[in-house]
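**Q** Would you mind keeping the following structure in view while I ask a few things?
Here it is, written out as structure tokens:
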């Protein structure tokens with residue numbers, strides 16, 4: 001199971017515009033695709049980045065998701081919720097990876113709260129969302 005903190009307006013399985021338009025994958029056809037992936041990953045881990053990310057962060061630890069929800073609320077965000085997500089791959093082709101392992105592989109700096117972070121690529125399927133509750 002995984003947990004995601006987010007604002008209702010963004011949704012638990014929102015597919016970002018850039019993600020929908022992207023052909024980004026965890027498997028690379030060539031060097032330029034690998035570089036595009038690394039650039040997108042660096043932008044994702046850059047907290048000051050203004051762009052949309054094809055990566056959707058979730059946490060394997062519920063307490064990490066709760067802390068993230070508290071941070072969002074402290075920033076003045078409203079309608080913050082926590083969603084439980086079924087990460088079993090048996091229901092289809094879902095792409096997700098351990099955030100710290102990806103960051104290390106591509107030389108990205110991560111943050112404290114990434115200890116239990118996993119990254120879905122492009123979207124979280126509706127079938128994977130088990131329930132959603134207010135934070």
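Residue numbers (the UniProt record's numbering): 1 to 135. Don't be surprised by glycine CBs; every beta carbon is placed ideally from N, CA and C. All of these numbers come straight from a predicted model, not from anything done at the bench.
Per DSSP, which residues does residue 57 bridge with? Please list them.
**A** 119
**Q** Thinking C-alpha only, which one of 84, 52, 29 and 41 is nearest residue 135?
**A** 84
**Q** When you measure from the CB of residue 98 to every non-hydrogen atom of the ligand ADP, does any distance come out below 8 Å?
**A** Absence of the ligand ADP from the depicted structure is noted, as is the absence of any ligand whatsoever, leaving it without description.
**Q** Go ahead and pull the three-state DSSP assignment for residue 12.
**A** Residue placement at residue 12 cannot be trusted, given a pLDDT of 49 that sits under 50; what the coordinates show is reported in the next sentence. Here residue 12 sits in coil by DSSP.
**Q** Please go through the same chain and pick out, in chain order, the residues whose beta-carbon is closer than 7 Å to the beta-carbon of residue 2, but skip the five residues on each side of it.
**A** Within the same chain, residue 2 has close Cβ partners 58, 59, 60, 85, 87 and 118.
**Q** Could you check what DSSP says for residue 124 in three-state terms: helix, strand or coil?
**A** coil
**Q** Classify residue 32: buried if its beta carbon has 16 or more other beta carbons within 10 angstroms, exposed otherwise.
**A** exposed
**Q** Could you tell me how far apart the beta carbons of residue 82 and residue 69 are, in whole angstroms, since I believe they sit closer than 8 Å?
**A** 6 Å
**Q** Tell me whether residue 71 sits in a helix, a strand or coil according to DSSP, three-state version.
**A** helix
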